[in-house]
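Working notes for the structure below.
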Amino acid sequence: MSTAADPSATETASRPPATPSTTSTTPGAAPAAPAAPAARNAAAVLLAVAVAAAAVNLRPVVTSLGALLDPVRDGLGMSATTAGLLAAVPPLCFAALGACAPGLARRTGPIAVVTAAMAAIAAGVLARSFTGSAAVFLLLTAVALAGVALANVLIPVVIKRYFPDRVAPMIGLYSMALSVGTSLAAATTVPLTDAMGGSWRLGLGVWGLLAVAALAVWLVVLFARRERPGAAAPAPAPVQAKLPILRSRTAWALAAFFGLQSTSAYGAMGWLPKIYHDAGVSESASGVLLAVVMAVSVPVSFLLPNLAARRGDQRLYVVVLGLCGIAGFLGLMLAAGTVPWLWAVLVGLSMCAFPLALTMLGLRARTPGGVAQLSAFAQSLGYLISIPGPILMGALYQRTGQWYLPLGLLALLLVPQMLVGLRAARARHIEDEAVG
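Under UniProt numbering, the residues of the sequence shown are numbered 1 to 436, in order.
Put into structure tokens, the structure is as follows:
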């Protein structure tokens with residue numbers, strides 16, 4: 001409760017106490033001194049591994065399904081309307097359930113909530129692979145996405161709370177692992193399915209095993225960081241006050257930035273293979289180009305948060321990434337089949353606005369409680385903003401039969417993305433704006 005919002009109290013509670021036998025039999029013994037730093041370092045490494053393991057599992061829920069959507073539809077007798085709901089469920093879950101994350105974290109602590117989120121992902125992904133009902137499949141997918149939504153919001157909080165002096169490198173690790181999971185699921189789901197006899201149930205279910213492995217790591221973290229009986233209790237800490245976040249212009253700018261970059265990302269991931277194929281690129285090459293888009297973000301996602309955190313603000317990166325996206329989408333619009341790798345790289349760079357947004361979430365609040373509230377607000381509102389984009393792209397393509405207008409729309413939306421990003425990237429803290 002109170003410790004969920006107070007970093008000093010959390011640090012005290014999570015610091016491994018001295019072993020009772022050591023303190024009772026050899027008080028003041030010299031060899032006992034290095035044990036605490038060593039234990040703290042081991043706990044930090046374990047938590048970093050857990051963060052990476054969780055991040056790898058946050059996108060295969062969606063991308064593995066996208067790769068097998070046609071056989072899933074045929075196997076379950078799924079209507080086009082239900083398939084459309086599957087496309088709309090992720091941002092809806094992220095928006096609705098992400099808003100609940102700060103309250104849950106205040107009650108039970110962010111580590112407990114992220115552990116429960118990993119359990120929801122594992123259960124939903126595994127169980128949906130065995131159902132014969134389209135409605136139950138949709139429900140179980142929503143269960144898994146509920147876990148993704150909670151982890152989306154709270155992993156930056158875990159980083160801010162337990163790694164206050166290493167926020168940027170930990171955000172970089174988280175973002176890189178997220179990109180690895182996205183690329184891995186997109187590139188290997190179909191080959192894995194073929195290798196296992198062509199069953200879409202096995203092709204989807206195998207990603208549940210990856211989530212089970214992440215759950216095991218988080219259970220170890222949860223057990224290791226629980227307060228042990230007999231440990232000295234920390235002094236009562238004040239409950240994190242709920243900030244009037246609607247008064248913060250930075251919070252609104254971050255939400256808009258998050259939503260606009262999500263619009264570009266979902267639009268590109270959903271339609272890029274079709275865009276390339278319509279331009280005369282083979283289906284196999286189109287899939288490889290989508291993998292290139294995602295792979296570009298792997299190293300950049302690790303480096304960018306570290307570089308961005310060193311500056312007083314991040315406006316330079318907002319502009320550079322926006323211009324890369326405009327060049328990439330205009331290149332696809334005018335000459336998708338010419339130097340297609342260049343457009344893929346540029347679009348991939350523009351999608352690195354996501355780790356930049358995560359970095360700014362961690363830098364624009366002073367406390368873990370502030371990060372929790374900012375993350376929930378920006379991500380929930382941002383994902384709502386992103387919902388119409390891919391749908392509008394499909395409608396424009398269906399009406400015109402060309403990609404000029406959809407791609408022009410994505411290029412145009414990068415202009416307001418840069419404008420709100422310039423506001424969000426200024427060196428401000430929402431606590432100062434929200435109460436000022």
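The C-beta atom is built at its ideal place from N, Cα and C for all residues, glycine as well. Since the structure is predicted, the reported quantities are computational estimates derived from the model, not experimental observations.
In this structure, residue 318 lies near residue 425, with their beta-carbon atoms less than 7 Å apart.
Residue 160 sits buried, since 16 or more C-beta atoms from the chains shown fall within 10 Å of its C-beta.
Of all C-beta pairs linking the stretch 259 to 272 to the stretch 299 to 318, fewer than three are shorter than 8 Å, placing the two stretches out of contact.
Spanning the alpha carbons of residue 170 and residue 369 requires a straight line of approximately 18 Å. Remark: C-beta atoms of residue 64 and residue 175 do not approach each other more closely than 7 Å.
Boundaries for residue 339: no alpha helix (DSSP H) harbours it, and the DSSP string shows neither H nor E there. Cβ contact annotation for residue 375 (same chain, cutoff 7 Å, sequence separation greater than five): 153, 156, 157 and 361, in chain order. A distance below 8 Å between beta-carbons, with the five flanking residues on each side excluded, links residue 411 to the following residues of its chain, in chain order: 325, 326, 329, 330 and 333. Sixteen is the threshold: when 16 or more other Cβ atoms of the shown chains lie within 10 Å of the Cβ of residue 383, as they do, the residue is buried. Judged by DSSP in its simplified three-state form, residue 68 adopts coil rather than helix or strand. Measuring C-alpha to C-alpha distances from residue 264 to each of 205, 428 and 347 identifies 347 as the nearest. Across the structure, residue 46 and residue 177 are spaced so that their CA atoms are roughly 15 Å apart.
Distance from the CA of residue 75 to the CA of residue 293, rounded to the nearest whole angstrom, comes to 30 Å. Non-local beta-carbon contacts of residue 61 in its own chain, meaning distances under 7 Å to residues more than five positions away in sequence, involve 121, 125, 144, 145 and 148 in chain order. Inclusion of residue 430 and residue 364 in the CB contact set at 7 Å is warranted, their separation being smaller than that value. Take residue 222, set aside five residues on each side of it, and the residues of its chain with a beta-carbon closer than 7 Å to its own are 111, 112 and 115, in chain order. The beta carbons of residue 421 and residue 305 sit no closer together than 7 Å. Here residue 359 is near residue 308, since their CB atoms are less than 7 Å apart.
Bounds of the alpha helix (DSSP H) holding residue 194 are 167 to 195.
The C-beta distance from residue 393 to residue 271 rounds to 6 Å, short enough to fall under 8 Å.
Excluding its 5 nearest sequence neighbours in each direction, residue 206 has C-beta neighbours in its own chain below 7 Å: 192, listed in chain order.
Secondary structure at residue 324: helix, using DSSP grouped into helix, strand and coil.
Residue 390 has its alpha-carbon roughly 6 Å from the corresponding atom of residue 266.
For residue 152, the enclosing alpha helix (DSSP H) has its first and last residue at 134 to 162.
Per the C-alpha coordinates, the member of 296, 350, 402 and 49 positioned closest to residue 219 is 49.
Rounded to the nearest whole angstrom, the C-alpha separation of residue 213 and residue 108 is 22 Å. With 16 or more other Cβ atoms inside 10 Å of its own Cβ, residue 182 counts as buried. Annotation for residue 131: no alpha helix (DSSP H) segment contains it, and DSSP assigns it neither H nor E. Taking the Cβ atoms as the reference, residue 253 lies roughly 4 Å from residue 423, within the contact range of under 8 Å. Around the beta carbon of residue 59, 16 or more other beta carbons sit within 10 angstroms, so the residue counts as buried.
At the C-beta level, residue 297 and residue 352 come within 7 Å of one another. Boundaries of the alpha helix (DSSP H) around residue 358: 353 to 363. With fewer than 16 other Cβ atoms from the protein chains shown falling within 10 Å of its own Cβ, residue 41 counts as exposed. Exposure of residue 398 is indicated by the presence of fewer than 16 other C-beta atoms within 10 angstroms of its C-beta.
The straight-line gap separating the alpha-carbon atoms of residue 79 and residue 56 is approximately 30 Å. Runs of the alpha helix (DSSP H) spanning 4 or more residues and lying entirely within the stretch 352 to 434 occur at 353 to 363, 368 to 386, 388 to 400 and 404 to 424, in chain order.
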